[in-house]
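All residue numbers for the sequence shown refer to this note's numbering, where the first residue is 3 and numbers rise by one.
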Amino acid sequence: MSFSVGLRRRGGLLLAGVLAAAASLLPVGVANAQDTGEECAPLAVAGFGDPGAAVARGTLEPDEADCFTVTAEAGRHVLRLTGSYEMSATVDGLSGEPGCYAQRNTTGWCELPESRAYTVHITSRDFQAAPYEFAITSLDGTDGCHAADTAWDSPAVEITPATELQVDCSTIPGSAGERLDSFATSEAARRIVDPSGAEVCVRDDGDGCVLQGDGPFRVISYDDSPYTLRVGSLSDPRGCATVRAGSYGTAPAGSTTTNRCRMLSLPDAGRYAVGPADAAVDSEYWSVVYDADGRKLCPSGIAWCDLPSAEGSFMLLRDPYFDRAGTVLVPAAGTAGCEQAGAGTYRGEIGNPGEWDCLELSMGPGARIAAVRDYDAETEPNYEVIDGSGATVCYEENLRYGTCALTGAAPHKLISHGGLGEYGLWVARTDTPADCEPLPAGTFADGSPYATFTTGAGVFAGCGSIPAEHASREVLQFRAMSGTAVMSFSVIDGNGKQVCQHSGGTQGWTGCALTPGQAHTIVYQGRNSAASYQVTRRDITATAQGCATNPATAVGGPSTGGPIGDPGTLVCRKVTTADARDVLHLNARDSLGAANVVAFDSAGVGRCDANRSCAVTGSTSYQVLVTVPSYLKSPGSYRFDAMRIATEAGPVAECPRVPSISYGFGPLTGTLDEQHTAVCASLATDYNDRFNTDITDTAGGTEKAVPALYDESLDNGCYNSMPGGYQCYISEPFGSVASPSILVLGLPEKVSQTDYRADFLCTSEPCGTEKLTVKSVTPTTAAAGTKATVTVSGTALPDDAHVQLYSNGTTIVGTTVSISPDRTKLTGELDLTNAAAGSWSVSLVRPGYQYGLGSFEVTQAALVNVARPTLKGFAQVGTKLTAQPGTWPAGPTSYTYQWKANGTAISGATAATYTVPASLRGKSLSVAVTAHKAGWQSATAESAAAVVMTARRDHLVLDGYGDMLTLNTKGELTFHPATGKGGFATTGKVSGAGWATTVKAVPFGDVNGDRCNDVLVRSGDTLKVYKPACGKAVTPTTANTSLGTGWSKYNLFTSPGDLTSDGRADLLARQASTGDIYLFAATSDGKLAAGKKIRTGWAAYNLMAGAGDLNGDGHGDLLTRHTDGTLYWYAGLGNGQFKERVKIFSGWGGSYTSLVGPGDITGDGKADLVVRDKNGVLYRNNGDGKGSFSSKTQLVTGWTYVALF
């Protein structure tokens, strides 16, 4: 009986008993029964043949194990296991011995060292329950063995296994030193062993094996299906069928037999075609030819074999599926059965399996030939050419391409074999091109000459010729004009070298490098069906004809283009450039994306061939063919780009260098159209850089700009990996010196405009030649309570990095503000609001990395000024200035002041206000403000310096007092110096004659920066600014600048001083027709801005005077007198406007004819008022500094001037 189940243990229950010796082969939980006390079911040792009850069977769950006790004699045994491939059988204690282990596909050959009981474990690592069977078979003895003989005609041993576990034995005769070989159908396993079961030889690939030691010898074999076993002697090939040599054109020699061995009987030693051929089906078997000593001579099917002697050689069929076969045995050097042949078409028939046909060629040694077979015949035999000795001189490839040279001795024979039925061959010489139809030279223009090749009605091949007068490189093209059969061609020069070829199609073309001065032969190969082909050749060098002239443009230049015909049409454009070292970008675009670009240099050498853009260099002329492949639809027209992207010096100026590509670059934005077809950039790339792209049409279009990336090799490394967009690569070899690459972003195929945005992300970061380095940080100190800006220097600094401080468990994470375009500077901000003073470690941090930068000192919090102090008021003699402390975010509790002249502290000037003395005239005045707050470092900030000017009407003595300007009836403008005591001196006056008595003058302050006040004069329709030197009169010839024309429409002019807070005096004018007031603000170039209407309807005011600053707020003010006798004050706001009027006097000055605001003439620093009545009496009203005046004081009489200004 068989044991269906032994004692089973699940994995995990026996962990404590696992043996170290078996741990490498047993799953967790399997133990040796002898060591654990485990009881295992007994299992008998099987003999040869059906094992019967000596089989263990069971089903194992995952990670389960069964064990069996086997009592066996010492010696060799075979272990066989069926079931899951994840099961194994192991003999405990012998896990390290070879063969003592079995699996579903591995049979164990185990040497048991002694006679005793052994434990065998069957284990499963399968994921599901699985059944198994196991047997162990002894190799001792010959009981149950079959008897076999080594003669080749003896009966084979037929074995039908009762179970997959069955092991069979066959005894064989033999002696030491004899060479044997064994065969089994179904690939049954077999070994030849000695009496002990030790293997004495193994199955080989044809050399057999040599018996060693003493017999009797046995063949041990096994398989899971019926098989046939045969063992034969190679050193004594008894029982072989004898075969005698046959001839060409006949059936195989010898009879058809099932005997594997054929003794070859030869008329002479030499080269023979030897092999088996199945008479029933046209097939060849695997065979080996041996010499008389049983050593392999030739392995193959039917093949040439050099046989060393006439007798003793034999052929052995080794094919496991051999049934019966005849024998091919034909002498290579023989001519019996050969047909005489020259050039032409031949028809033959292979009437028998294994028949070899022969054409004895009339061409003598040294000739070159082509032989093309008819692919439409019943069969397509193999063919080759051999010489008179039988040596092969040409194979099918040489014959088909026309490069077969008849070397060796005559006669040469064209041998055909293989297949059954009629066949056809076309044979021609290729070293006599004059025998073939010439192919005329053509052009790329319409109406080019061509030749015609026609097939059908038995014609399937032919030849043409190219005369010796040809270009060094030409394009050969064929196109089917009728029929659908395919053709191909091969071109051979006068030396027999194939210079080009094209494989089959209904149309196609290729470039040919023709040998100078030699005629060439063209071998055409088509099909035996009705078809006609147009064949054309065209010069493709710089002398090519019919190409459109196309000079290369700068990057972004306009495109060219034109119509394109049917698929296969070649349109030529001659692209030129001044220097052969220029690099050109070429691209053809069309609405279907069908056009290809193929570029040839001036010598006709192909430089690029692509359905996308490419780059070329090395020539000043390129013949660029634009064509649509035959399998695509023609778009009808195309656009073409040819632009210069680099010169010998490197990328052109239109391709600016991207500062850094370490992590990518972009965005690139703009618009492309047919007038501006591309943009480019130079990239400092390195080996294996890779970029993903994100390219969009910002206007919402679906067609997007197309990138091309050219490295040093000029390969375009951009590929469209739909749907993810383009990916761009650098393909330079590792270790090469990095060189710039050039990115070109061009118009897409199907649209003529795109608004592009393109971003490039480095996926192999860092890209480029710079690697990430972190060098230093500045500054290395900052005050607590502030936000410190620091700069990290390095290379390839990344966007995800930030500055970080650490001290005593506290981390301050900075914020990255910016990274310089070249990624050498990272600017960050550290918030030190709550930072403790002391030393901190500083580093640059990015995910997964930290780069130390030393220490960072946080000092005590300091007050910080964010908006510097300012001066309120005008820096002019006599003015009281007020220091505005500026902005201090921390909120100082107090301020101290120090006024400075030309940067030097003014002794005693430490108040918030300062009245400017005359001694500072022309010096730079500023104020330093120091802020204070308990617990904080004090800090000082200084205002901008202002140059101290004289009073705005101080023209003569420059003493800070306002002078009076008058015009008399003689046309003299006279400056009257103020005394500083309230009047005007009668001496020290200066006059300038030559003025019309109708002019209007305005004392105006310094417009040209010479520290001397200037005068505006309106004469006629023109207004000019006159610039007299200090203390000098103003005359019509004084240096002046015109302020334009159109000023006659104004009837009143005055200057209150600075109305716009820019430190420059401004002008007011009243339009006579409307009474509207216009502001003409002074500009930095000494001129006036366009007039701006600031008040309307002021015609009721009959007197108006710019009075300077009446209330000390630093803004110019205005006085007006109404026709009703009321005097009003308009206070300036400093923004070009005035506050609403304030009445000063009513019923005032009905007799006054002039009103002048000269500034301070009394020496008290306050602006005063001067009036003149109709009798020429001059009066003064003292200013109170608050916008009003005292009662009048008479100054002088007899001031009957035409005007006072």
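Note that CB positions come from ideal geometry on N, CA and C, so glycine has one too.
Task: Assigned exposure category for LEU1206 - 16 Cβ within 10 Å defines buried - done: Flag for LEU1206 reads buried.
Open item on the list: If I follow the unbroken beta strand (DSSP E) through ARG402, where does it start and stop?
Closed with: Following the DSSP letters along the chain, one finds ARG402 in no beta strand (DSSP E) but inside the alpha helix (DSSP H) bounded by residues 398 to 403.
- [ ] Assign ALA436 to one of three DSSP states: helix, strand, or coil.
- [x] Three-state result, ALA436: helix.
Open item on the list: Which residue marks the beginning of the beta strand (DSSP E) containing LYS1194, and which one marks its end?
Closed with: For LYS1194, the enclosing beta strand (DSSP E) starts and ends at 1191 to 1198.
Task: Start-to-end residues for the beta strand (DSSP E) that takes in CYS263 - done: For CYS263, the enclosing beta strand (DSSP E) begins and ends at 263 to 267.
- [ ] Within the same chain, show all residues whose beta-carbon is closer than 6 Å to that of VAL630, passing over the 5 residues directly before and after it, in chain order.
- [x] Closer than 6 Å at Cβ, skipping near neighbours: PRO569, ALA596, ALA597 and SER636.
Open item on the list: Quick check on the burial criterion: 16 or more other C-beta atoms within 10 angstroms. Buried or exposed for VAL1027?
Closed with: Burial call: buried.
TODO: Throw me the rounded Cβ distance for the TYR1154 and ASP1175 pair, which I believe falls under 8 Å.
DONE: Contact between TYR1154 and ASP1175 holds: their C-beta atoms lie close to 5 Å from each other, under 8 Å.
Open item on the list: Taking the alpha carbon of GLY1118 as the reference point, which residue from GLY1187, ALA913, THR139 and SER639 has its own alpha carbon closest?
Closed with: Looking at the Cα atoms, GLY1187 is the closest of the given residues.
Open item on the list: Can you look up GLU751 in the DSSP assignment and give me helix, strand or coil?
Closed with: The three-state reading of DSSP puts GLU751 in coil, since its state is none of H, G, I, E or B.
Task: Pairwise C-alpha distance: ALA334 and CYS300 - done: Roughly 15 Å separates the two Cα atoms.
Task: At least three beta-carbon pairs within less than 8 Å, the segment 651 to 668 to the segment 745 to 762 - done: At 8 Å Cβ cutoff, the stretches touch.
TODO: Could you check the C-alpha separation between ASN1053 and ALA892 for me, to the nearest Å?
DONE: In a straight line, the C-alpha of ASN1053 is about 54 Å away from that of ALA892.
Open item on the list: Going by C-alpha to C-alpha distance, which of ALA1092, GLY507, GLY101 and ILE494 sits closest to GLU201?
Closed with: Nearest C-alpha to GLU201: GLY101.
Task: Coil, strand or helix - LEU309 by DSSP - done: Shown here, LEU309 sits in a strand according to DSSP, grouped into three states.
TODO: Evaluate the contact criterion for the segment 183 to 190 versus the segment 216 to 232: three or more CB pairs, one atom per stretch, below 8 Å.
DONE: Flag = yes, the segment 183 to 190 and the segment 216 to 232 touch.
- [ ] Compare the beta carbon distance of ALA56 and ALA43 with 7 Å and say whether it is the shorter of the two.
- [x] ALA43 sits away from ALA56, with the two beta carbons spaced by 7 Å or more.
Task: Among LEU441, GLU357 and ILE352, nearest to VAL276 - alpha-carbon criterion - done: For VAL276, the nearest C-alpha among the options comes from GLU357.
Open item on the list: Please report the distance separating the alpha-carbon of VAL860 from that of CYS1014.
Closed with: So the alpha carbons of these two residues sit roughly 52 Å apart.
Open item on the list: Just to confirm, is the Cβ distance from VAL557 to ALA680 under 7 Å?
Closed with: ALA680 sits close to VAL557, with the two beta carbons spaced by under 7 Å.
Open item on the list: Whole angstroms are fine: how far does the CA of THR687 sit from the CA of CYS769?
Closed with: In a straight line, the C-alpha of CYS769 is about 7 Å away from that of THR687.
TODO: Report the option in ASP145, LEU167 and ILE174 whose CA atom is closest to the CA atom of VAL159.
DONE: Here the closest residue by C-alpha is ILE174.
Task: Test item: CB-CB of ARG575 and ALA605 under 7 Å - done: The Cβ atoms of ARG575 and ALA605 lie no closer than 7 Å to each other.
Open item on the list: Let's test the definition: count the other Cβ atoms within 10 Å of the Cβ of GLU386 and tell me whether it reaches 16, buried, or not, exposed.
Closed with: Buried is the call here.
Task: Pick from LYS1002, TRP1131 and GLY1110 that is closest to ALA1071, judged by C-alpha positions - done: The residue among LYS1002, TRP1131 and GLY1110 with its C-alpha nearest the C-alpha of ALA1071 is LYS1002.
Open item on the list: At the level of alpha carbons, what is the spacing between ARG1143 and VAL805?
Closed with: When only Cα atoms are considered, ARG1143 and VAL805 end up about 59 Å apart.
Open item on the list: Measuring straight from C-alpha to C-alpha, what distance separates VAL1004 and THR898?
Closed with: VAL1004 and THR898: Cα-Cα distance of roughly 41 Å.
- [ ] Less than 8 Å between the CB atoms is what I'm expecting for GLN168 and GLY51, so what's the real figure, rounded?
- [x] That belief holds up - the Cβ atoms of GLN168 and GLY51 are roughly 6 Å apart, short of 8 Å.
TODO: Identify the continuous beta strand (DSSP E) that holds TYR1052 and give its terminal residues.
DONE: 1052 to 1059 is the extent of the beta strand (DSSP E) around TYR1052.
TODO: Assign SER311 to one of two classes, buried (16 or more other C-beta atoms within 10 Å of its C-beta) or exposed (fewer than that).
DONE: Classification of SER311: exposed, given that the 10 Å Cβ count is below 16.
- [ ] Determine the direct distance from the alpha carbon of ALA1091 to that of THR1098, and round the result to whole angstroms.
- [x] THR1098 and ALA1091 have their C-alpha atoms roughly 19 Å apart.
Open item on the list: I'd like to confirm the pairing. Which residues does DSSP put opposite GLN1262 in its beta bridges?
Closed with: There is no way to answer for residue 1262, as the model of the chain reaches only from 3 to 1207.
TODO: May I ask you to report which of helix, strand or coil DSSP gives GLU189?
DONE: It is helical.
- [ ] Could you check the C-alpha separation between TYR526 and GLY466 for me, to the nearest Å?
- [x] When rounded, the distance between both Cα atoms is 8 Å.
Task: Buried or exposed (CB count within 10 angstroms, at least 16 for buried), PRO823 - done: Here PRO823 is exposed, its C-beta having fewer than 16 other C-beta atoms within 10 Å.
Open item on the list: Any beta carbon of chain B sitting closer than 7 Å to that of GLY498?
Closed with: Among the chains in the structure shown there is no chain B, since it carries only a single protein chain.
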